[in-house]
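Numbering-wise (my numbering), the sequence shown opens with residue 2 and increments by one.
Worksheet for the structure shown next.
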Amino acid sequence: MYFFNKKGVTGLGARITAIGTYVPERILSNFDLESMVDTSNEWIIKRTGIHERRISRPDEFTSDLCVAAVNNLVYRYNKDLSDVDMIIVATSTPDFPFPSVASLIQNRLNIPQAGCIDLSAACAGFVYTLHTAHCYIKSGLHKKILVLGADTLSKITDYSDRNTCILFGDGAGAVLVETDDQVDNFIAFHLGSDGSGAKHVYRTGLANKIDGTALTDTPYLVQNGREVFKWVVKNIPGCINELMDKAHSNLDKVDWFIPHSANLRLIEPICEKLEYPMEKTLHSLVYFGNTSSASIPLAFDLGIREGKVKKRDRVLLYGFGSGLVHAGQLLEVDLDQPVNYSDPL
Numbered sequence: 002m003y004f005f006n007k008k009g010v011t012g013l014g015a016r017i018t019a020i021g022t023y024v025p026e027r028i029l030s031n032f033d034l035e036s037m038v039d040t041s042n043e044w045i046i047k048r049t050g051i052h053e054r055r056i057s058r059p060d061e062f063t064s065d066l067c068v069a070a071v072n073n074l075v076y077r078y079n080k081d082l083s084d085v086d087m088i089i090v091a092t093s094t095p096d097f098p099f100p101s102v103a104s105l106i107q108n109r110l111n112i113p114q115a116g117c118i119d120l121s122a123a124c125a126g127f128v129y130t131l132h133t134a135h136c137y138i139k140s141g142l143h144k145k146i147l148v149l150g151a152d153t154l155s156k157i158t159d160y161s162d163r164n165t166c167i168l169f170g171d172g173a174g175a176v177l178v179e180t181d182d183q184v185d186n187f188i189a190f191h192l193g194s195d196g197s198g199a200k201h202v203y204r205t206g207l208a209n210k211i212d213g214t215a216l217t218d219t220p221y222l223v224q225n226g227r228e229v230f231k232w233v234v235k236n237i238p239g240c241i242n243e244l245m246d247k248a249h250s251n252l253d254k255v256d257w258f259i260p261h262s263a264n265l266r267l268i269e270p271i272c273e274k275l276e277y278p279m280e281k282t283l284h285s286l287v288y289f290g291n292t293s294s295a296s297i298p299l300a301f302d303l304g305i306r307e308g309k310v311k312k313r314d315r316v317l318l319y320g321f322g323s324g325l326v327h328a329g330q331l332l333e334v335d336l337d338q339p340v341n342y343s344d345p346l
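Pasting the structure below:
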């Protein structure tokens with residue numbers, strides 16, 4: 002599924018005008034994990050590239066991280082949210098099955114007239130929320146949308162399983178998407194799914210089978226990392242090339258590639274297949290781990306804070322995860338100028 006937009010096309014456009022992020026204070030380092038499971042700092046870095054991750058407090062949940070990320074956005078860009086007319090949250094770890102995280106945010110931030118929905122697309126969730134926001138604004142039915150990607154994966158991680166506990170952390174990212182009658186900075190997208198691989202990353206719920214395959218009945222996240230790795234490396238580079246073809250462009254025109262920060266050893270072969278330089282690839286995994294739907298906005302914001310991502314840059318976001326769903330978005334950066342600068346994460 003694709004969309005291609007050219008500047009000057011009649012109709013409403015959309016652009017991202019502000020960004021904010023938040024990670025919990027507690028750091029769980031590789032050395033901490035050495036005392037919890039049979040692993041080592043060297044082994045974790047070699048296999049994943051991760052040095053540490055942030056862990057939420059027992060009384061800190063996804064909605065709390067989201068509110069903090071939005072407050073960071075408001076502080077840095079001096080944005081008025083009273084006229085936000087939609088809140089969309091991508092998460093796999095909502096505070097409750099219902100009500101939605103978006104509704105909790107709407108109440109805590111006192112946004113009076115906003116529709117509220119949560120979106121479930123795992124590690125591709127943030128890109129899906131961006132695409133959804135773009136569609137709402139492009140239709141003319143909405144003008145100002147708060148988009149979030151946030152997860153508290155530590156709350157569903159088995160810390161006796163060394164294959165998963167070394168990977169995951171908690172975090173949140175928020176962007177404001179607003180209507181613009183002059184330009185549309187959403188250049189092209191690509192969405193897809195391969196449901197035959199759904200059994201490779203899951204958390205059981207009301208059902209405990211997928212296509213007749215019995216699942217491990219556990220409250221924790223379950224992942225077959227080997228199968229996910231093979232699927233992503235085989236399929237995602239081709240999907241990215243399809244997206245660029247539809248945009249009538251090529252990767253030489255992309256200033257920054259921001260894939261889901263799952264594992265550095267997964268990002269490297271993707272870039273190798275694409276012949277795209279790692280030094281132009283942004284990720285958030287070294288100090289935050291795999292934060293699922295928060296990983297792309299965290300990496301995006303780190304690029305901005307470090308002075309790498311600049312106005313008029315073209316950035317390619319690509320998320321992939323449980324489902325197996327994936328989503329890509331090619332953007333032109335047109336953020337408003339920050340009023341305040343916060344300390345690095």
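Note that beta-carbon positions come from the ideal geometry of N, C-alpha and C, so glycine has one too.
Keep in mind the model is a prediction, meaning the values are calculated, not measured.
Exercise. What separation, rounded to the nearest whole angstrom, lies between the Cα atoms of Asp-337 and Tyr-78?
Worked result: 7 Å
For this session: Kindly list the residues whose CB is nearer than 6 Å to the CB of Val-326, restricted to its own chain and excluding five residues on each side of it in sequence; keep chain order.
Result: Ala-122, Ala-125 and Ser-194
Problem set entry | Asp-181 beta carbon less than 9 Å from that of Arg-16 | yes
For this session: Please specify which runs of the alpha helix (DSSP H), each continuous and at least 4 residues long, are wholly inside the segment 115–149, giving them in chain order.
Result: 126–139
Exercise. What is the DSSP secondary structure of His-201, counted as helix, strand or coil?
Worked result: helix
For this session: Would you list, in sequence order, the uninterrupted alpha helix (DSSP H) runs of no fewer than 4 residues that lie entirely inside the segment 270–338?
Result: 286–289 and 296–306
For this session: Identify whether Asp-33 lies in helix, strand or coil by the three-state DSSP scheme.
Result: helix
Exercise. Nearest to Val-234 by alpha carbon, out of Glu-269, Asp-218 and Val-223?
Worked result: Glu-269
Problem set entry | Leu-177 in three-state terms, based on DSSP | strand
For this session: Using beta-carbon positions only, say whether Asp-348 and Ile-167 come within less than 9 Å of one another.
Result: Because the chain spans 2 through 346 in this model, residue 348 falls outside it and cannot be assessed.
Exercise. Which residues bound the alpha helix (DSSP H) around Ser-64?
Worked result: 63–78
Exercise. How would you label Arg-54, buried or exposed, when you count the other beta carbons within 10 angstroms and need 16 or more for buried?
Worked result: buried
Problem set entry | Residue from Cys-136, Thr-22, Ala-151 and Lys-139 whose Cα sits closest to the Cα of Asp-119 | Ala-151
For this session: Using the Cα positions of Val-52 and Phe-187, report the straight-line distance between them to the nearest angstrom.
Result: Checking the displayed sequence, the identity of residue 52 turns out to be His instead of Val. The alpha-carbon atoms of His-52 and Phe-187 are separated by roughly 34 Å.
Exercise. Which of helix, strand or coil does DSSP assign to Gly-193?
Worked result: strand
Exercise. For the beta strand (DSSP E) that contains Val-90, what are its first and last residues?
Worked result: 87–91
Exercise. Which same chain residues, not among the five before or five after Asn-236, have their C-beta less than 6 Å away from its C-beta?
Worked result: none
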